[in-house]
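Note that the sequence shown covers residues 1341 to 1834 in the numbering used here.
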Amino acid sequence: MLKYYKTYLILLALIVLIWIFRPWFHGSLIGIYKHPLTFIIPVFIIVYLILFVIRVKKVSLKQSEKSPIVAKSVGRFMSGFVCLSILSMIIFSTESDISHFINSKEINFTSITTLPEIDKLRLLPKQVATRYGADSLQNPQEYLGDSQIVMVDGKQERVFPRLPDGGILYFIKKLNGFVTVDASKLDKKAEIIDQEFKYSEGVGVFDNIYYQLYKQKYWVDFVDQPIYLKDPQTQKWLTVVPYIKYKHFPIRTPYWGGFMTITSDGMITDYAPEAAQTLPLTIGNRVQPKEIARFYAESYGYRNGLLNYWFIHKDQPEIDEVNYGDQPFHISTQEGYKQFVVTRPVGGSYGIFKIFIFDTTTAKAEIIEYDQSSLLTGPVAALDYAQKEFPEIDYNNFFLDEPRPITSKGRLYWLISIVGSNSAGIAKNVVVDAQTTKVTSFQNKQEIEDFINSGKVIATPTTEPTKPTTADIETKIKAIQDQLEQLKSSIQGL
């Protein structure tokens, strides 16, 4: 009895430890939860194998009777094993496609005909903003984490968390604030924000924000990058972490489940997605996970069925991006903060096929569909046209960075920055007309804003140099002669 008592105590202690440290096991367990077939099928195969072994052991011990029965059982087992293996490979390779197909039947896009007009302009690409932020940091114990573009005091800024740098500091230091970089300016405009957070990313172990969040809500996926927002009422910064839930069985589909806010003193509050429309902290800002916007846009290509997606490709878009993960674009418009996903037809074309637009607080999904007569160029091809326009630039030392969609009078353009290889500023900003592929360069922010407001290029006025008159020339000659005479007199006096 004492032996079993000790076993029960050990088992109980193990359960308590697993419960306390359950956030550490989240990755494996949520993987099974999101992809149950990856767990069910192997378990089914193991059970099948156990039943086979039990059956073999029950057969007669006489060799003459045992061999045919065993051979028949082995044959049946191998047939079943092969069938299960083939079925599992088919399911594993098509699970993502089936999930997208299911979602394509559930998501409803509102069809619109014109793009929302841009409101707040974002001039700085991420790499330049990152360089500006790094050049502003002077603390040897900190490094800048990855940034998110958000609305701060009516303008777009990149917010970089100041995280502890080093193995020991990871355990003993906290997030002490941010470096913010104004993305609406061409020149460097950074600010150091001091505010210590009890829980944050980039620290260990129990103060890590994800350790705390997964203790609050387990069967979800919190986004990898927290969003830092400034409360317009208290002027304090809070951490916002949206999370993704999953529905259906056994093929699951993701959806935006809500978001949590974490104050600097560690108070965690859970909100439903609808709260983003009324909470002062999140109104007009980005909250919906970008992963959801991307998944929904990808799902549209499955609405004509899996066979169409795999073989026929009728009315099938794919995301058009320079680097994987560039989209969705986060754009401040006159209708609110939006996520743009720009797509092209499947294949070798780089023309714009459809644009998906998601509101980052209401999650409203809209779509603009273009026919062949629209002749719109996507971001990848826009880079080629911009590069062709400036052959004198040494692209070994400069590069074209981050095409961003901007709109003017319902017309789409691509704003592209020409940046030095060290990302220490912008050499030139150019705009590519998505319809005509005409490339226009701008010298300053005012010219770009004038272009957006009017839809026309308003050149900066220049004054023609005036030609000197004969009298002006004679006056200058006389002045030079007088200076020479003075110099001669000075030399003779030495």
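Even for Gly, the Cβ is constructed at its ideal location relative to N, Cα and C. Note that this is a predicted model, so its numbers are computed, not measured.
| Asked | Found |
| --- | --- |
| Distance, proline 1719 Cα to glutamine 1775 Cα | 12 Å |
| Within 8 Å, strictly: CB atoms of glycine 1517 and aspartate 1534 | yes |
| Per-residue burial, isoleucine 1899 [other beta carbons within 10 Å of its own, 16 or more giving buried] | Residue 1899 lies beyond the residue range present for the chain, which begins at 1341 and ends at 1834; the question has no answer from this structure. |
| Cβ shell of threonine 1601 (< 6 Å), same chain only, five flanking positions each side left out | Leu1578, Val1580 and Thr1609 |
| Residue nearest to isoleucine 1567 in terms of C-alpha spacing, selected from Asn1448, Val1627, Asp1655 and Leu1455 | Val1627 |
| At least 3 beta-carbon pairs within less than 8 Å: the stretch 1622–1641 vs the stretch 1678–1698 | yes |
| Other residues of its chain near leucine 1401: CB distance less than 8 Å, five sequence neighbours each side excluded | Bear in mind that a pLDDT of 49 at leucine 1401, under 50, signals an unreliable position, so the number given afterwards is only what the model happens to contain. Counting only Cβ-Cβ distances below 8 Å, and skipping sequence neighbours, we find nothing. |
| Local Cβ density within 10 Å of asparagine 1443, reported as buried at 16 or more and exposed below that | buried |
| Chain D contact for glutamine 1786 (CB, 8 Å cutoff) | The structure shown has no chain D; it contains just one protein chain. |
| Residue environment, glutamate 1804, which counts as buried when at least 16 other CB atoms sit within 10 Å | Interpretation of glutamate 1804 is limited by its pLDDT of 42, a score under 50 that renders its predicted location unreliable; no figure is taken from the coordinates. |
| Identity of the residues DSSP links to phenylalanine 1562 by a beta bridge | Tyr1583 |
| Extent of the continuous alpha helix (DSSP H) run through phenylalanine 1791 | 1785–1794 |
| The stretch 1704–1715 contacting the stretch 1646–1654, beta-carbon criterion three pairs below 8 Å | no |
| Threonine 1802 in three-state terms, based on DSSP | For threonine 1802, the predicted structure reports a pLDDT of 35, less than 50, and the residue's modelled location is therefore unreliable. A value from the coordinates is still provided. Three-state result, threonine 1802: coil. |
| In DSSP terms, what asparagine 1625 is bridged to | Paired residue(s): none; asparagine 1625 is not in a bridge. |
| Alpha-carbon spacing of phenylalanine 1441 relative to alanine 1637, whole angstroms | 12 Å |
| Sequence-distant residues of the same chain with beta carbon closer than 6 Å to valine 1563, five excluded per side | Pro1582 and Pro1629 |
| Alpha-carbon to alpha-carbon, phenylalanine 1421 and phenylalanine 1392 | 11 Å |
| Identity of the residue in Ser1763, Ile1707 and Ser1748 nearest leucine 1461 by Cα | Ser1748 |
| Straight-line gap, proline 1743 to tyrosine 1690 (C-alpha atoms, nearest Å) | 14 Å |
| Buried or exposed (CB count within 10 angstroms, at least 16 for buried), lysine 1816 | exposed |
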